[in-house]
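Working notes, beginning with the structure itself.
There are 2 protein chains.
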Amino acid sequence: MRILITNDDGYQAEGILALAKALKDIADIVVVAPMSEMSGTSSSITIYNPLRFKVIDNDLGIDIFAVNGTPVDSVKLGLSKLIQGKIDLVISGINNGPNVAMNTCYSGTVGAAIEGAIWGIPSIAVSIGGYRDLDYETPAMFMRDYVQKLDLSIIDKGSLLNINVPNIPYKDIKGYKYTSISTHSYLNNYEERADTFRDNYYWLSDYEKEGTHEDNSDVVALDLGYVSISPMKASLVDDRLLLKLKNQN
Amino acid sequence: MRILITNDDGYQAEGILALAKALKDIADIVVVAPMSEMSGTSSSITIYNPLRFKVIDNDLGIDIFAVNGTPVDSVKLGLSKLIQGKIDLVISGINNGPNVAMNTCYSGTVGAAIEGAIWGIPSIAVSIGGYRDLDYETPAMFMRDYVQKLDLSIIDKGSLLNINVPNIPYKDIKGYKYTSISTHSYLNNYEERADTFRDNYYWLSDYEKEGTHEDNSDVVALDLGYVSISPMKASLVDDRLLLKLKNQN
């Protein structure tokens, strides 16, 4: 098995290195990741600027390419130019912080996995459910186990898995659950502050709107100590509303 | 009716002004849009920098706010801080160039409309199906008609419409079709070029992969001279794959 690993925290991030180390004995690994921090970049692409890459020396014995672009740029350039031969699986992560609920829309980690799905390759985004004192050993060990037993053919073309692993020791993980994505919104609030010249600026805050997460959702599973695995589609088409709109005519 | 208009080409773009002019007699309009060109920014958000806004003088008699961020930043800051009172509809556009097939994933125009849907507001992205000699009159007139007869309650919470209008005179438009999103991929190719110092760089090209667009797709409707209206969901959850994964256990 040949795995393309990417992320949105940059090729030097602790999470991507933990993932590469955990998987390198069970698969051929190639890393193509952004040169710098790209959190919150969703599925954005570089249109008006050129892309360049650097080959990164490393002691892991794997190919690491750093791209001066977004996570999606890295996957695109990797698959079209940098990598020779077939990729069986794209994994994006391990992201430092959870990607759950409607925040999945903004995530560069998820964006990279969506790109893999657009290319028709089974793809996985993986994130850790905490912000401080992160233990990447747990998600790395989980992914090593999960990837070995996953039947890649079950992931439909154009689909991907969004995995969130609780930030607790591996032995305390209760198992994993296939979940839906909470429809709850985060990140809709700004703090208003003043700068040196007393002009106002606005800072996005991780404010949680009131509301209840659905029982079968990613957020609830993670809170209960389970690994949450949410199947997603690259295409946003709303088949139910399409039928409704067609029938009204 | 009160409409928030935004885009990804910037508040000064011809398309957004054409849209605002066409709608200002049938609704209260407020424009909150990026200060600069933001094409290809998808649903990206500004996390590590502050947002600021400018109030823009104009002779349209409407409020125009320019935000130093992405389309999603503009919608978020608009809805949480800049706009007083309720917004009934978010419209993002008119984008200069089509947003069809899997390119919808990268579109800042679509990203802004997804954000409106996340806030629970009926939302529409609108783009023109051409790149040169654009006639914004056609999509502007279409939107003026369509918005007046659209029953907003038919758009489910969390859903949006992605509209593409052919770049032809309004009288030549054959009508509109509710469509699916073509699963065809564009933008997966890079041209390799050399710079002044003979170092290579890569430039994303609008290369169309071989394959056939589905009969009921946005691309086919647009090519046939119809306005394409594709219903979309903000949430990417894949319910079918979720069921399949749960049943295998």
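Chains E and B are the protein sequences, given in the same order.
Throughout the first sequence, residue numbering follows our numbering, covering 15 to 263 in sequence.
Throughout the second sequence, residue numbering follows our numbering, covering 15 to 263 in sequence.
Backbone N, C-alpha and C fix where the C-beta goes; we use that ideal spot for every residue, glycine too.
As the structure is a computational prediction, the values presented were derived from the model and not from experiment.
Exercise for the section: Within 10 angstroms of the Cβ of B:Glu129, are there 16 or more other Cβ atoms? Answer buried if so, exposed if not. Expected result: buried
Handout entry: Rounded Cβ spacing between B:Leu250 and E:Ile195 (contact assumed at less than 8 Å)
Key = 7 Å
Problem - C-alpha gap between E:Val104 and E:Ala41, whole angstroms - result: 12 Å
Problem - Beta-carbon proximity list for E:Ser244, same chain, < 6 Å, skipping 5 on both sides - result: Asn176, Thr193, Ile195, Asp232
Exercise for the section: Measuring only between beta-carbons, confirm whether E:Ala139 sits less than 8 Å from chain A. Expected result: No chain A is present in this structure, whose protein chains are E and B.
Problem - Segments of 4+ residues assigned as alpha helix (DSSP H) that fall wholly inside the region 206-248 of chain B - result: 232-237
Exercise for the section: May I ask you to list the residues that DSSP assigns as paired with B:Pro180? Expected result: B:Gly143
Handout entry: Assigned exposure category for B:Tyr120 - 16 Cβ within 10 Å defines buried
Key = buried
Exercise for the section: Return the Cβ separation of E:Thr123 and E:Ser137 in integer angstroms, given the expectation that the two are a contact with Cβ distance under 8 Å. Expected result: Actually they do not touch by this definition, with Cβ atoms about 11 Å apart.
Practice task
Count the other CB atoms, across all protein chains shown, that sit within 10 Å of the CB of B:Met15; report buried if there are 16 or more and exposed otherwise.
Solution key: exposed
Handout entry: For E:Ser88 and B:Asp252, believed in contact at Cβ under 8 Å, the rounded distance
Key = In fact, because the Cβ distance is near 24 Å, the residues do not count as touching under 8 Å.
Exercise for the section: Taking E:Val46 as part of the beta strand (DSSP E), name the residues at either end of that continuous run. Expected result: 42-48
Handout entry: Secondary structure, alpha helix (DSSP H): runs of 4+ residues fully inside the region 72-105 of chain E
Key = 85-91
Practice task
Look at the alpha carbon of E:Gln98 and the alpha carbon of E:Leu37, and state the distance between them as a whole number of angstroms.
Solution key: 19 Å
Practice task
Just the C-alpha distance for B:Thr152 and B:Gly29, rounded to the nearest angstrom, thanks.
Solution key: 11 Å
Practice task
Flag this pair as touching only if the region 15-27 of chain B and the region 43-50 of chain B have three or more C-beta atom pairs under 8 Å; answer yes or no.
Solution key: yes
Problem - Backbone secondary structure at E:Leu257 - three-state DSSP - result: helix
Handout entry: According to DSSP, residues forming a beta bridge with B:Ile70
Key = DSSP output for B:Ile70 lists no bridge partner at all.
Practice task
Compare the C-beta of B:Ala248 with all C-beta atoms of chain E and state if any pair is closer than 8 Å.
Solution key: yes
Exercise for the section: Have a look at B:Arg254 and B:Lys247 and give me their C-alpha separation to the nearest angstrom. Expected result: 15 Å
Exercise for the section: Mind checking which residues open and close the beta strand (DSSP E) that includes E:Thr20? Expected result: 16-20
Exercise for the section: Quick one: list the residues of chain B neighbouring E:Tyr25, beta-carbon separation under 7 Å, in chain order. Expected result: Under the 7 Å cutoff, chain B gives no residues; its nearest Cβ is about 17 Å from E:Tyr25.
Practice task
Taking a Cβ distance cut-off of 9 Å, strictly less, list which residues of the region 87-105 of chain B are near chain E, in chain order.
Solution key: Asp87, Lys90, Leu91, Leu93, Ser94, Lys95
Problem - Straight-line gap, E:Tyr62 to E:Asp186 (C-alpha atoms, nearest Å) - result: 47 Å
Handout entry: For E:Leu256 and B:Asn178, the rounded distance between their alpha carbons
Key = 15 Å
Handout entry: Residue-level contact to chain B via CB, E:Val251, 8 Å cutoff
Key = yes
Practice task
With DSSP collapsed to three states, give me the class of E:Asn110.
Solution key: strand
Practice task
Using a Cβ-Cβ cut-off of 8 Å, state whether B:Ile130 counts as contacting chain E.
Solution key: One point to set straight first is that residue 130 of chain B is Gly, not Ile, in the sequence displayed. Chain E, which has no Cβ nearer than 8 Å to the Cβ of B:Gly130, makes this no.
Practice task
With 8 Å as the threshold, decide whether the Cβ of E:Arg212 is near any Cβ in chain B.
Solution key: no
Handout entry: DSSP-derived helix/strand/coil call for B:Ser167
Key = helix
Exercise for the section: Consider the Cβ of E:Lys260: report whether some Cβ of chain B lies at a distance smaller than 8 Å. Expected result: yes
Handout entry: Per-residue burial, B:Gly107 [other beta carbons within 10 Å of its own, 16 or more giving buried]
Key = buried
Handout entry: Cβ pair B:Lys90, E:Asn202 closer than 8 Å
Key = yes
Handout entry: Beta-carbon contacts of B:Asp209 that lie in its chain and below 7 Å, excluding the five residues immediately before and after
Key = Tyr215
Exercise for the section: Within its chain, find whatever has a CB closer than 6 Å to the CB of B:Met116; leave out the 5 residues flanking it on each side and keep chain order. Expected result: Ser199
Exercise for the section: State the DSSP-derived secondary structure class of E:Ile138, mapped to helix, strand or coil. Expected result: strand
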